[in-house]
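Asker:
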Amino acid sequence: MTSQPNTITIPIIGASIAGLTIAHSLLSHFSTTNHTTNSTTKIKILLINPHPSFYWAIAAPRILTKPTAFTESQYLIPIADGFAKYSPDVFEFILGRATSLDFEKKLLNVEEVTDTESNKTLRQEIKYDYLVIASGSTPSASSTETLFPGEDNKDGENGEIYPFKLSPTSTTTITEAIKSAQTTISTAKKITVIGAGPIGVEIAGELGDLISSSPSEEGEEKKVITLISSTPRILPTLKPSASETATSLLSKKGVRVLTDRKVISVSPKEEGGYEIKLNNGDTLETDIYIPTIGVLPNSSYIPREVLDERGWVRVDEELKVSGVEGVYAAGDITTHTQKLSFKADEMAGVVVGNLVDDINHATGAGNGNGSRKKGWRRGCGGGGGRKTYDEGTDVMMVVPVGTSGGTGQAFGWVLVSFMVWLAKGRDYFIWKAKGYVFK
Ligand SMILES: Cc1cc2nc3c(=O)[nH]c(=O)nc-3n(C[C@H](O)[C@H](O)[C@H](O)COP(=O)(O)OP(=O)(O)OC[C@H]3O[C@@H](n4cnc5c(N)ncnc54)[C@H](O)[C@@H]3O)c2cc1C
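Residue numbering for the sequence shown follows the working numbering, beginning at -4 and increasing consecutively.
1. In angstroms with no decimal places, state the Cα-to-Cα distance between Asp311 and Val345.
2. By alpha-carbon positions, which one of Phe98, Ile223, Thr4 and Ile297 ends up nearest to Ile87?
3. Please determine, among Pro83, Ile74 and Leu21, the residue with the shortest C-alpha to C-alpha distance to Ile43.
4. Tell me whether the beta-carbon of Leu233 lies closer than 9 Å to the beta-carbon of Gln404.
5. Excluding sequence positions up to five away, which residues of its chain have a Cβ less than 8 Å from the Cβ of Ser48?
6. On a CA-only basis, which of Leu245, Val219, Lys217 and Glu215 is nearest Arg228? Give me that one, please.
7. On the CB-based measure, 16 or more other CB atoms within 10 Å of its CB, does Pro235 come out buried or exposed?
8. Where do the ends of the alpha helix (DSSP H) carrying Glu239 lie?
9. Can you give the Cα-Cα distance for Val196 and Ala13, rounded to whole angstroms?
10. Which same chain residues, not among the five before or five after Leu253, have their C-beta less than 6 Å away from its C-beta?
11. Based on the DSSP output, what are the partners of Glu112 in its beta bridges?
12. With hydrogens ignored, establish whether the beta-carbon of Leu117 is closer than 8 Å to any heavy atom of ligand 1.
13. Which partner residues does Met392 have in the DSSP bridge list?
14. Which same chain residues end up closer than 6 Å to Asn153 when comparing Cβ atoms and leaving out the 5 residues on each side of it in sequence?
15. By how many angstroms is the C-alpha of Asp76 removed from the C-alpha of Leu314?
16. What runs of the beta strand (DSSP E), each 3 residues or longer, lie entirely inside the stretch 117 to 175?
17. Val345: beta carbon under 8 Å from a heavy atom of ligand 1?
18. For Ser113, which of Ser336, Thr166 and Glu216 has the nearest alpha-carbon?
19. In the structure shown, what three-state DSSP assignment does Thr2 receive?
20. Could you name each continuous alpha helix (DSSP H) segment of 4 residues or more that falls completely within the stretch 23 to 75, going from the start of the chain to the end?
21. From Thr383 to Met342, what does the alpha carbon distance come to, in whole angstroms?
22. Assuming Lys257 contacts Leu273 under a Cβ cut-off of 8 Å, what Cβ separation, rounded to an integer in Å, is found between them?
23. Residues in the same chain with beta-carbon distance under 7 Å from Phe424, minus the five sequence neighbours each way, listed in chain order, please.
24. Using a 10 Å radius around the Cβ and a threshold of 16 neighbouring Cβ atoms, would you call Pro83 buried or exposed?
25. Using a Cβ-Cβ cut-off of 7 Å (strictly less than) and excluding sequence neighbours within five positions of Leu205, which residues of its own chain qualify?
26. Are the Cβ atoms of Val308 and Ser294 separated by less than 9 Å?
27. Please look up how many angstroms separate the CB atoms of Gly203 and Ile220, rounded, as I've assumed it's under 8 Å.
28. Determine the extent of the alpha helix (DSSP H) in which Pro231 is found, giving its start and end residues.
29. Do Glu197 and ligand 1 come close, with the Cβ less than 8 Å from some heavy atom?
30. How about Leu449 and Pro158: do their beta carbons lie closer than 9 Å?
31. Given that a residue counts as buried once 16 or more other Cβ atoms are within 10 Å of its Cβ, and exposed if not, what is Ala79?
32. State the start and end residues of the unbroken alpha helix (DSSP H) segment that holds Phe337.
33. In its own chain, which residues sit with a C-beta less than 7 Å from the C-beta of Glu146, not counting the 5 before and 5 after it?
34. Distance check for Thr66 and Phe98, CA to CA, integer angstroms please.
35. Do Arg381 and Asn355 have their beta-carbon atoms positioned less than 9 Å apart in this structure?
36. Taking Cβ positions, are Val393 and Gly401 nearer each other than 9 Å?
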């Protein structure tokens, strides 16, 4: 595909919190100026995503452990439907995956899925004018990459992939991946969660709720849930009292919390299940384990020169990819360390503001460079000056521990359990999901 002479082509790679927000905001901004920056120049947004639906990953700890807590239509929102109101002249959703990028030639290669039944793909080359990278991250539990010596090769078919998100290279659908994980979790008796950051604590809390409801049949054993933390206290980035509350809530549910223990190997056993070796010499046996340590950048298609040593995209304060003209990045994929949805939202606003400014400047539609029109949304005011992003140092985190409470921290204060339930624990903000796709 080549860009038309008077069309400014802007592919957005990734349709989640950052990508969806940027796509809608740009479309909304330019539709208020009749889809044009001036009478002869059109904007065309190409939104690229490997899966057809936006997945509300934030609720994954409950979705995976309590299959009836939400309906699929609450957490899987079809992306194309949310953009159906826009003309094909200005918007196209490409079901596919970015596979390579050439910044110098401004070329993006995409593997587009042309037949979802057979997973048939077609390669296409897109010449872009501006580009947005919003391809995010994959939690370790959702990736096929192994983490520990001795671990099985994860092939995604044996229930060892836990879709907190879905990897961009996954060939299973998110529905299949979720169903498979739900079955694995519901049938396992001994479950070990490795890593006690917010996702580890959240899933341990949800699993803790299952202890009291198991066994369903007389004579069956109760579920045994263990949470392993390599740090002396769980939720180490929060204040100590938040860690204490989380430990106490988990213990009340019957979850065994092991702190200051590093997993040194995970070995599959012949009769099924795994043996986990810890750094103090202890071993524990488990039917399944869920690693929640670390996230991986979805950046395999991005030239190495703009990535840091761990694969995250280096950006300047305007969220321009370092050293590359006309390319922006937002959300988890950037080197910014707070990988949170409201930070992705904030970054989306900055990218939209600066892109609109660039385009106005280039086409002479507005004054550009500091004088721009209002009209884009979310975290991006219409005031003057280029937009900049500063992630700050404040810790803002809300961590439900099952359905009855939780802990967290905001503005330097530790949140009381009831507030956590009220804010997030009762529904994991599921009501927000649709709003990202349908604006
Ligand atoms: C279990 C869990 C709970 C969370 N809870 C919270 C919370 O309570 N509060 C909070 O603020 N944050 C929370 N987060 C973090 C939040 O989900 C992320 O910060 C947010 O999703 C980042 O959005 P993003 O758009 O940058 O990237 P992602 O959500 O990672 O999305 C990236 C998108 O790009 C697509 N993609 C990847 N590679 C390619 C490619 N090559 N081509 C095309 N598309 C591609 C992916 O398929 C995906 O759709 C949680 C995360 C998890 C996993």
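Using N, Cα and C, we set each Cβ at its ideal position, and we do this for glycine too. Please read all numbers here as calculations on a predicted model, not as lab measurements.
Answerer: Taking the coordinates as given:
1. Between Asp311 and Val345, the C-alpha separation is close to 12 Å.
2. Here residue 87 turns out to be Glu, not Ile, going by the sequence shown. The shortest C-alpha separation from Glu87 is found at Thr4.
3. Residue Ile74 holds the alpha-carbon nearest to the alpha-carbon of Ile43 among Pro83, Ile74 and Leu21.
4. In terms of Cβ geometry, Leu233 and Gln404 form a close pair [threshold 9 Å].
5. Leu71, Ile72, Pro73, Ile74 and Ile169.
6. The shortest C-alpha separation from Arg228 is found at Leu245.
7. Per the 10 Å Cβ criterion, exposed.
8. Counting along the chain, the alpha helix (DSSP H) containing Glu239 begins and ends at Pro235 to Lys248.
9. Put simply, the backbone Cα of Val196 is about 25 Å away from that of Ala13.
10. The residues Ile223, in chain order, have a CB closer than 6 Å to that of Leu253 in the same chain once the five nearest residues on each side in sequence are set aside.
11. Checking the DSSP bridge columns, you'll see Glu112 has no partner listed.
12. Leu117 Cβ: outside cutoff for every heavy atom of ligand 1.
13. Beta-bridge pairing links Met392 to Gln404.
14. With a pLDDT of 46 at Asn153, under the threshold of 50, the modelled position of this residue cannot be trusted, and the question is left open.
15. Their Cα atoms are separated by approximately 29 Å.
16. Within the stretch 117 to 175, the complete beta strand (DSSP E) runs of at least 3 residues are 126 to 128 and 132 to 134.
17. Not under cutoff, so the answer is no.
18. Measuring from the Cα of Ser113, the nearest candidate turns out to be Thr166.
19. Note: Thr2 maps to strand in three-state DSSP.
20. Runs of the alpha helix (DSSP H) inside the stretch 23 to 75: 55 to 60 and 67 to 70.
21. If I take the Cα positions, the gap works out to 9 Å.
22. About 7 Å separates the two Cβ atoms, so the contact holds.
23. Only Ile53 meet the Cβ criterion.
24. Under the 10 Å beta carbon count, Pro83 is surrounded by fewer than 16 other beta carbons and is classified as exposed.
25. Excluding positions up to five away in sequence, the list reads Thr60 and Lys218.
26. Yes, the Cβ-Cβ distance between Val308 and Ser294 is below 9 Å.
27. Between Ile220 and Gly203 the Cβ distance is about 6 Å, and since that is below 8 Å, they are a contact.
28. In the DSSP annotation of this structure, Pro231 is not part of any alpha helix (DSSP H), being labelled neither H nor E.
29. Residue side-chain check: Glu197 places its Cβ nearer than 8 Å to a non-hydrogen atom of ligand 1.
30. Outside the modelled stretch of the chain, which goes from -4 to 434, sits residue 449, for which no answer is possible.
31. Under this definition Ala79 is an exposed residue.
32. Note, Phe337: alpha helix (DSSP H), Ser336 to Thr358.
33. The answer, listed in chain order, is Val261.
34. Rounded to the nearest whole angstrom, the CA to CA distance from Phe98 to Thr66 is 42 Å.
35. No, they are not a contact pair.
36. Contact flag set, yes.
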